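Take a look at the structure below.
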Amino acid sequence: MAMKNIRKRVTLTAMKIPGEPVLLAAVKTTRKPVTPGAAKSTGGIVALVALMLVVLMLAGCETVIDYKGPETEPKAVIYALLEPDRFISVTISESHSVFQIPWKPRQIRDATVRVYRDGKLLETLAYQGSDPADENAPVSPYSKYTSETNKPEYGHVYRIEVMIPGYPAAYGETELPAPVAVELADTTYSDIGYGNRRLTVKLRFRDPADGKNYYRLTAPSTRGNYYGDHGQPYDPEQKVYVRINDLSYGALGDPIISPTKEDDLLDIYPQNEYYIFTDDLIPGKEYTLNLEYNGFHFSTEHYEFLRAFFRLNSITRDLYLYLQSYSAYNRTADNPFAEPVPVYSNITNGLGIVGALSFSQDSLIIGEYPVEGVQYEMQLY
């Protein structure tokens, strides 16, 4: 009969059972002859034992805990951002518990939305919603109420009051902050290697010394890129592709926008996704924001162009705190190990934000647009 030798081997197997210490099972085999039948039987026993251990371990991997906390009451939600030269507009909604399943959004057509200026009723806003063209289309949970006659003015306190049937009256107050002048101080190109260039934009402003100020940088832009061969003369058959985007990201390297950037080697600090900042580091002083854009070069011979508007927004403290907390909330929302981040609200008897802003801007214009005879095509991304 054929004989097989098995080398000497000791295996330590760690087994974890919920509520018990780790057990180490030692299996020792020695060099001695084993018959084929015995080897088959031994292998079957080992496989069975391993299967039982897996079942035991998996049985303790999942525990269902019923939620026994207090139920949250739904609240009215108000979003209003007042800007000079824009008609007053208010968006309303209603909150709901995560345990409210199914939850069906609805348009709130029967709300009463009033605007007060310095304590006196200015206007009752009209509902501006509309039913979707397709009856199967999802219903937006946001209902819009707007004015067709009133725009906010400086020097007044505005109160937005919303009454939704079944909810207590909710309201928030704000006033327009004064704009702070900004100017395009300088633009330079530099070579960063491999044929690439960097555009640096410097924006200069002076922080008012009469109080604490809150800011947000935005930079809406329209740009056109020619996808033909730049080494050849312009080909009229080739299109110039047009994109609309925001260039605020160029300021992420500025210390007033990202004060922890140099110390954030592991990228663990929340990114300033709304480009907001205060005058804590520059109270009453002049400051120059530095914005950098790699690979930003426009060949005007091929009808490439840029229209950029760099805006320094003066925002209310409430709006600053709302954007700051909402940015942190977005950054940690999918992290199971992060503590919940409450989103700031200045709404009494509700949720949301009533804020205001004003801005000054300067522009950067490169190339001509539009040019007769040039083919343009809009890109949506």
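Residues in the sequence shown are numbered from 774 upward in steps of one, following our numbering. Think of the CB as a built atom: it goes at the ideal place given N, C-alpha and C, for glycine as much as any other residue. A quick note: this is a predicted structure, and the numbers were derived from the prediction, not measured.
Roughly how many angstroms lie between the CA atoms of residue i and residue j, to the nearest whole one?
i	j	result
ASN1103	THR973	29 Å
ASP1067	ASN986	At residue 1067 the sequence reads Asn, which differs from the Asp that was named. Whole-angstrom Cα-Cα distance: 31 Å.
ARG996	PHE1071	9 Å
PHE1069	ASP959	16 Å
GLU1150	TYR1000	11 Å
TYR1117	PHE1132	23 Å
PRO925	VAL1013	40 Å
THR991	LEU1064	12 Å
LEU976	VAL955	7 Å
GLU793	ASN909	Interpretation of GLU793 is limited by its pLDDT of 39, a score under 50 that renders its predicted location unreliable; no figure is taken from the coordinates.
VAL800	SER1098	Summary for VAL800: the model assigns pLDDT 37, below 50, so the residue's position carries little reliability; its value from the coordinates is reported in the next sentence. Spanning the two alpha carbons is a distance of roughly 56 Å.
TYR927	GLY945	17 Å
PRO911	VAL930	37 Å
LEU957	ILE1138	11 Å
ALA1024	PHE1082	14 Å
ILE1120	ILE1126	6 Å
GLU867	PRO914	8 Å
GLY1146	GLU1074	14 Å
GLY968	PRO857	44 Å
In terms of residue numbering, what span does the alpha helix (DSSP H) encompassing residue i cover?
i	result
THR1105	1090-1105
For residue i, which residues from the same chain have a beta carbon less than 8 Å from its beta carbon, with the 5 sequence-adjacent residues on both sides left out?
i	result
ILE1029	PHE1050, LEU1054, ILE1055, TYR1060 and LEU1062
ARG1160	It is not possible to answer for residue 1160, since the shown part of the chain is limited to 774 through 1154.
ILE965	ARG971 and ASN1067
Which residues mark the beginning and the end of the beta strand (DSSP E) in which residue i is found?
i	result
SER866	862-867
GLY945	943-947
ARG996	993-999
ASP1135	1123-1139
LEU1064	1059-1067
ASP964	955-966
GLY917	The identity of residue 917 in the sequence shown is Lys, whereas the question assumes Gly. Its beta strand (DSSP E) spans residues 916-919.
ASP1008	Neither: ASP1008 is in no beta strand (DSSP E) and is coded neither H nor E.
Helix, strand or coil for residue i? Go by DSSP, reduced to three states.
i	result
ALA853	strand
VAL795	Annotation note: pLDDT 38 at VAL795 (below 50); position unreliable, no value reported.
TYR1117	coil
LEU1153	coil
LEU1085	strand
GLU908	coil
LEU1025	helix
GLU1077	coil
LEU1038	Because the pLDDT at LEU1038 is just 42, under 50, the model does not fix this residue reliably, and the point stays unresolved.
Looking only at its chain, what residues have a beta carbon closer than 6 Å to the beta carbon of residue i, apart from the 5 residues adjacent to it on each side?
i	result
GLN901	LYS917 and THR919
ASP1008	GLY1001
THR1105	ALA1111 and VAL1114
GLU1046	SER1100
Examine the ligand MG and report whether any of its heavy atoms sits within less than 6 Å of the Cβ of residue i.
i	result
GLY928	Ligands are entirely absent from the displayed structure, and the ligand MG is therefore not among its contents.
Looking only at its chain, what residues have a beta carbon closer than 7 Å to the beta carbon of residue i, apart from the 5 residues adjacent to it on each side?
i	result
ARG1016	ARG996 and GLN1152
LYS936	Residue 936 is actually Met in this sequence, not Lys. Excluding positions up to five away in sequence, the list reads ALA884, THR885 and ALA942.
TYR1142	GLY997, PHE1078 and ARG1080
ASP891	HIS929 and VAL930
TODO: Could you tell me whether the stretch 845-856 touches the stretch 894-908, where touching means 3 or more Cβ pairs closer than 8 Å?
DONE: no
Open item on the list: I'd like to know if the stretch 1086-1097 and the stretch 1001-1011 are in contact, where contact means that at least 3 CB-CB pairs between them fall below 8 Å.
Closed with: no
Open item on the list: Assess contact between the stretch 1018-1028 and the stretch 947-963, defined as three or more Cβ pairs (one per stretch) separated by less than 8 Å. Is contact present?
Closed with: A contact between stretches requires three or more CB pairs, one per stretch, nearer than 8 Å, and the stretch 1018-1028 fails this requirement with the stretch 947-963.
- [ ] Pair every Cβ in the stretch 949-956 with every Cβ in the stretch 884-892, then say whether three or more of these pairs are closer than 8 Å.
- [x] By the Cβ criterion, the stretch 949-956 is not in contact with the stretch 884-892, since fewer than three pairs of Cβ atoms, one from each stretch, lie closer than 8 Å.
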